[in-house]
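Here the sequence shown is numbered in the UniProt record's numbering, starting from 1 and rising by one per residue.
Think of the CB as a built atom: it goes at the ideal place given N, C-alpha and C, for glycine as much as any other residue.
Taking it in order: structure first as structure tokens, then the write-up.
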Amino acid sequence: MSATTKSRRKLTVSFTSEISPQDEQTQTKEKSSKGSQGGRKSKIAEYIALSTVPLVLVLGNSMLVPILPTLQSKLGISQFQSSLVISLFSVAAALIIPIAGYLSDKFTRKAVMIPSLIVYGGAGVLAGFAAVWDSYGLLIGARALQGIGAAGTAPIAMALVGDLYKDGEESQALGLIEASNGTGKVVSPILGSLLALIVWYAAFFAFPVFCLLSLIAVLFMLKEPKRKEKAKPLKQYLQSIKNIFAKDGRWLLASFFGGSLALFILFGVLFFLSNILEKPPYSIEGVRKGFVLAIPLFGMVATAYITGTKISKNGILMRWLMNIGLVLMVVSLALAIWLNTNLYVFIGLLTVSSIGTGLLLPCLNTMITGAVEKAERGMITSLYSSLRFFGVAFGPPLFGWLMDISHQLVFIVVSSLSLIALGLVFFLVKPGKQVA
């Protein structure tokens, strides 16, 4: 054996002997600390990126609610025609969402979300020019195209949450998404009113900017987990969906109805308020109207966020909160049949109803997202989102139609529908102690 080899061995022994067990433990702790810090930063970045998606989805609709009366007068259209600016967007989205869900299961979530955000923002620019040119036909067409783009945004983000997180983290992330959705609803009437101070159609052009920011966040801050299994052929995939509904169809359909009804009422109420606030005896316009519209929505946002952080996978707690939420909706909307002349009392009742919505939606989101395996999750969450969009779509025109008959009739109908939803959820949606 050569002298060089011996010296190398000595150097090796000498080097390793200089590191004490205490030093090794310190280095391990430092690495662990750095890893956990990196993990926390990564998770915060993911949360930010995920929350931008429902935010831009809501801005695309709710930001226009305060300017609908102005749009109606500028374009010389009826109240029903102005409501279609919201409704056609939502109908187009509702029809395309299941297709987007299937594509996200077949390919990847981001492969659907990224082009959807591009279409969504681009169609927003087209809608802006349609408003400038006073072209109602082009505006409606652009809004329908926006709806097609919207189909691949928030519903797919909800499925992605199920892919990225488990247990308490999943319900927390879903609560954040619902809160972000609600925050958009709170901010958008105020933002729409502020932008209208520049020019009434400014909201149409501001929206694509928000879309661009969300696109950048999704591109660079979200890392989708790799798929271990290949996508199922369409026939096998549809059979899997059929099997899910054969097994869990009763509670899933009851949950779908409850979620879509909550948003039907929410957007219908916004449309109702937007129209009555500008008329005597209230005569509230502009930014002041935006702030009034935001009050019930803030109640929903705060409740949804707190609910999402508390429920984890606790099925018993979810059942209590869902039923309490629906009871609040039934009682407050029923009282609004008679107590709708005093603005303070009326806004208070609508806020109580919105708090009920905030209790209901995060629980439904967590249950529906956790009900199925990853391979079919995109389709199930998309079907749920599709029905929620139909709720948003039919809220404004039906509220407008009922308003022409009687303001009391509006609240007779919605309180009755809420009572039906309470019955369905109470008897059919019975989660176990722990939700999957």
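Endpoints, alpha helix (DSSP H) assigned at residue i
i           : result
residue 78  : Run containing residue 78: none; DSSP gives neither H nor E here.
residue 115 : 109 to 132
residue 336 : Taken as a continuous stretch (DSSP letters only), residue 336 belongs to no alpha helix (DSSP H), as it is neither H nor E.
residue 221 : 202 to 221
residue 421 : 407 to 428
residue 369 : 343 to 370
residue 226 : Unbroken run through residue 226: none, as it is neither H nor E.
residue 237 : 234 to 276
Rounded Cβ spacing between residue i and residue j (contact assumed at less than 8 Å)
i           : j           : result
residue 357 : residue 308 : Going by Cβ atoms, the distance from residue 357 to residue 308 rounds to 13 Å, so no, they are not a contact pair.
residue 271 : residue 65  : 7 Å
residue 366 : residue 381 : About 11 Å; that fails the 8 Å criterion.
residue 131 : residue 204 : 5 Å
residue 411 : residue 336 : 4 Å
residue 362 : residue 57  : With a Cβ gap of about 17 Å, residue 362 and residue 57 do not count as contacting.
residue 517 : residue 258 : Only positions 1 to 436 of the chain appear in the structure, and residue 517 is not among them; the question remains open.
residue 70  : residue 262 : Wrong, their Cβ atoms sit about 28 Å apart, outside the cutoff.
residue 156 : residue 379 : Wrong, their Cβ atoms sit about 11 Å apart, outside the cutoff.
residue 144 : residue 92  : 4 Å
residue 46  : residue 212 : With a Cβ gap of about 19 Å, residue 46 and residue 212 do not count as contacting.
residue 89  : residue 172 : Going by Cβ atoms, the distance from residue 89 to residue 172 rounds to 30 Å, so no, they are not a contact pair.
residue 178 : residue 304 : 4 Å
residue 274 : residue 103 : Between residue 103 and residue 274 the Cβ distance is about 35 Å, and since that is not below 8 Å, they are no contact.
residue 260 : residue 388 : 5 Å
residue 359 : residue 321 : 5 Å
residue 391 : residue 83  : Residue 391 to residue 83, Cβ: 14 Å. No contact.
residue 300 : residue 354 : 4 Å
residue 407 : residue 342 : Contact doesn't hold; Cβ gap of about 13 Å is too wide.
residue 63  : residue 192 : 4 Å
residue 74  : residue 134 : 7 Å
The ligand MG heavy atom lying under 7 Å from the CB of residue i
i           : result
residue 382 : For the ligand MG, the structure offers nothing, since it holds no ligand at all.
Three CB pairs or more closer than 8 Å across the stretch 313 to 330 and the stretch 215 to 223: Fewer than three pairs of CB atoms, one per stretch, sit closer than 8 Å, so the stretch 313 to 330 makes no contact with the stretch 215 to 223.
Given 8 Å, three or more beta-carbon pairs between the stretch 287 to 303 and the stretch 176 to 191: Flag = yes, the stretch 287 to 303 and the stretch 176 to 191 touch.
At least three beta-carbon pairs within less than 8 Å, the stretch 414 to 430 to the stretch 281 to 291: The stretch 281 to 291 and the stretch 414 to 430 do not touch, with fewer than three beta-carbon pairs separated by less than 8 Å.
At least three beta-carbon pairs within less than 8 Å, the stretch 94 to 110 to the stretch 144 to 156: Touching, yes.
At least three beta-carbon pairs within less than 8 Å, the stretch 263 to 280 to the stretch 154 to 165: Verdict: no, contact absent.
Sequence ranges, alpha helix (DSSP H) only - wholly within the stretch 133 to 206, length at least 4: Here the runs fully enclosed are 136 to 150, 154 to 164, 167 to 196.
Touch test, the stretch 106 to 115 against the stretch 245 to 256, Cβ-Cβ under 8 Å, three pairs minimum: The count of Cβ pairs closer than 8 Å, one atom from the stretch 106 to 115 and one from the stretch 245 to 256, stays below three, leaving the stretches out of contact.
Three CB pairs or more closer than 8 Å across the stretch 333 to 349 and the stretch 220 to 227: Touching, no, given that fewer than three Cβ pairs across the two stretches are closer than 8 Å.
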